[in-house]
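Participant: Sharing a structure below in structure tokens format, with a few things to ask.
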Ligand SMILES: [Zn+2]
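Numbering (the working numbering), first residue to last: 60 to 322.
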């Protein structure tokens, strides 16, 4: 059983401020430690639970947030930096996906740092007509090759979203969202103990076939509503899109991953 771990920022334990997750933010350097420590707890839990190989992808912003010299050697590979349009580089060799430190979709009430891909540019995204966030996007990318998401961690709102889209998924809520920049956090060691426990539980469950992949029916239509006017591509430049209104357009492609690259 080989497990791939996608690591985002906003749902990590101890994180509730934009200034923690932005590289120019005043709390960013401490945040890098928080991400690194939580990755290590997750890898330890997966290995203790019986995972053969664990590949971790630093998936926030530039993909170079975790502190290299402090990452555990228990993992079998770390994907860092820019991977262009490939969402899960190296996922082919894995059987299941963990979403660590994920956040609720744009617009979710009381969710810490809620957004979908870009808080400045994207208002809402729909996959085949269902309003979706990054949990569903990455679940659908994995689902296109028949592989399930087995664990999602984040605030309570992200966990509820995961359970809504992915029935039976294991979740670990490391904090309760109060507002965009507010949360009630579990203390650090309790959060990491919870993650170790839930990762082990997820590996056990996947080995007994306890999860379904999240499959978006193909062809996939993505509808994107932008925050600002004036940014929907013109039809002369992009004849492949469908303009819905001055801020909204659609693309259709074989898979979510290909459609995402065409937005
Ligand atoms: Zn994100």
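Quick reminder that beta carbons are idealized off the backbone N, C-alpha and C, glycines included. Model, not experiment: these values are computed from the prediction.
Using a Cβ-Cβ cut-off of 7 Å (strictly less than) and excluding sequence neighbours within five positions of residue 284, which residues of its own chain qualify?
Facilitator: The residue labelled residue 284 in the question sits at position 225 within the chain shown. Answer for residue 284: 182, 183, 306, 307, listed in chain order.
Participant: Please state whether DSSP places residue 197 in a helix, a strand or coil.
Facilitator: Walking along the chain shown from the start, residue 197 turns up at place 138. Reduced to three states, the DSSP call for residue 197 is helix.
Participant: What's the call for residue 153, buried or exposed, on a 16-neighbour Cβ count within 10 Å?
Facilitator: To locate residue 153, count along the chain shown from 1; it is residue 94. Result: buried.
Participant: Following the continuous alpha helix (DSSP H) through residue 302, name the residue where it begins and the one where it ends.
Facilitator: Within the chain shown, the letter at position 243 stands for residue 302. From DSSP, residue 302 is part of no alpha helix (DSSP H) but of the beta strand (DSSP E) over 301 to 304.
Participant: At a Cβ threshold of 8 Å, is residue 90 touching chain C?
Facilitator: Checking the listed chains, one finds no chain C in this structure; it contains a single protein chain.
Participant: At the level of alpha carbons, what is the spacing between residue 155 and residue 227?
Facilitator: In the chain shown, the residue the question calls residue 155 occupies position 96. In the chain shown, the residue the question calls residue 227 occupies position 168. Cα to Cα, residue 155 sits roughly 14 Å from residue 227.
Participant: CB-CB under 6 Å to residue 67, same chain, minus the five flanking residues each way: which ones, in chain order?
Facilitator: Along the chain shown, read from residue 1 onward, the residue named residue 67 stands at position 8. Hits under 6 Å: 118, 119, 160, 161.
Participant: Tell me where the beta strand (DSSP E) around residue 232 begins and ends.
Facilitator: On the chain shown, residue 232 is found 173 positions in, with the first residue counted as 1. Looking at the DSSP string, the run of the beta strand (DSSP E) that includes residue 232 is 229 to 238.
Participant: Taking 7 Å as the cut-off, is the CB of residue 111 close to at least one heavy atom of ligand 1?
Facilitator: If you number the chain shown from 1, residue 111 lands on position 52. Residue 111 Cβ: outside cutoff for every heavy atom of ligand 1.
Participant: So is the beta-carbon of residue 117 under 7 Å away from any non-hydrogen atom of ligand 1?
Facilitator: Against the chain shown, residue 117 aligns to sequence position 58. No, the beta carbon of residue 117 sits no closer than 7 Å to any heavy atom of ligand 1.
Participant: Using CA atoms only, rank isn't needed, just tell me which of 82, 192, 109, 78 is closest to residue 366.
Facilitator: The shown model of the chain, from 60 to 322, leaves out residue 366, and the question about it has no answer.
Participant: Which value, in whole angstroms, describes the spacing of the CA atoms of residue 341 and residue 194?
Facilitator: Outside the displayed span of the chain (60 to 322) sits residue 341, for which this structure offers no information.
Participant: Give a yes or no on contact between the region 309 to 322 and the region 143 to 151, applying the rule of three or more CB pairs nearer than 8 Å.
Facilitator: Yes, they touch.
Participant: To the nearest angstrom, how far is the alpha carbon of residue 258 from that of residue 295?
Facilitator: Here residue 258 refers to the residue found at position 199 of the chain shown. Here residue 295 refers to the residue found at position 236 of the chain shown. Approximately 49 Å between the Cα atoms of the pair.
Participant: Whole angstroms is fine: what's the gap from residue 121's alpha carbon to residue 320's?
Facilitator: Mapped onto the chain shown, residue 121 falls at position 62. Mapped onto the chain shown, residue 320 falls at position 261. Roughly 17 Å between the two C-alpha positions.
Participant: Excluding the five sequence neighbours on either side, which residues of its own chain have a C-beta within less than 7 Å of the C-beta of residue 235, listed in chain order?
Facilitator: Numbered from 1 along the chain shown, position 176 holds the residue referred to as residue 235. For residue 235, where only same-chain residues beyond five positions count, the Cβ hits under 7 Å are 214, 215, 242, 243.
Participant: Counting beta carbon pairs with one atom in the region 164 to 181 and one in the region 266 to 280, are three or more of them shorter than 8 Å?
Facilitator: The answer is no - the region 164 to 181 does not touch the region 266 to 280, with fewer than three Cβ pairs under 8 Å.
Participant: What residue range is occupied by the uninterrupted beta strand (DSSP E) comprising residue 104?
Facilitator: Translated into the one-based positions of the chain shown, residue 104 becomes position 45. Here residue 104 belongs to no beta strand (DSSP E); instead the alpha helix (DSSP H) covers 87 to 108.
Participant: Does DSSP put residue 251 in a helix, in a strand, or in coil?
Facilitator: On the chain shown, position 192 is the one that residue 251 refers to. Reduced to three states, the DSSP call for residue 251 is helix.
Participant: What is the DSSP secondary structure of residue 266, counted as helix, strand or coil?
Facilitator: Start at 1 with the first residue of the chain shown, and residue 266 comes out as number 207. Looking at residue 266 - three-state DSSP - the assignment turns out to be helix.
Participant: For the beta strand (DSSP E) containing residue 209, name the first residue and the last one.
Facilitator: In the chain shown, residue 209 corresponds to position 150, counting from 1. Element bounds for residue 209: 208 to 214.
Participant: In whole angstroms, what is the alpha-carbon distance linking residue 249 and residue 255?
Facilitator: If you number the chain shown from 1, residue 249 lands on position 190. If you number the chain shown from 1, residue 255 lands on position 196. Taking the straight line from one Cα to the other gives about 10 Å.
Participant: Would you report the Cα separation of residue 309 and residue 203, rounded to the nearest angstrom?
Facilitator: Translated into the one-based positions of the chain shown, residue 309 becomes position 250. Translated into the one-based positions of the chain shown, residue 203 becomes position 144. Cα to Cα, residue 309 sits roughly 20 Å from residue 203.
Participant: Tell me whether residue 151 is buried or exposed, calling it buried when 16 or more other Cβ atoms sit within 10 Å of its Cβ.
Facilitator: As a first step, residue 151 is located in the chain shown; it is residue number 92 there, counting from the start. Its Cβ having fewer than 16 others within 10 Å, residue 151 is exposed.
Participant: Rounded to the nearest angstrom, what separates residue 222 and residue 304 at their Cα positions?
Facilitator: Here the question's residue 222 lines up with position 163 in the chain shown. Here the question's residue 304 lines up with position 245 in the chain shown. Cα to Cα, residue 222 sits roughly 32 Å from residue 304.
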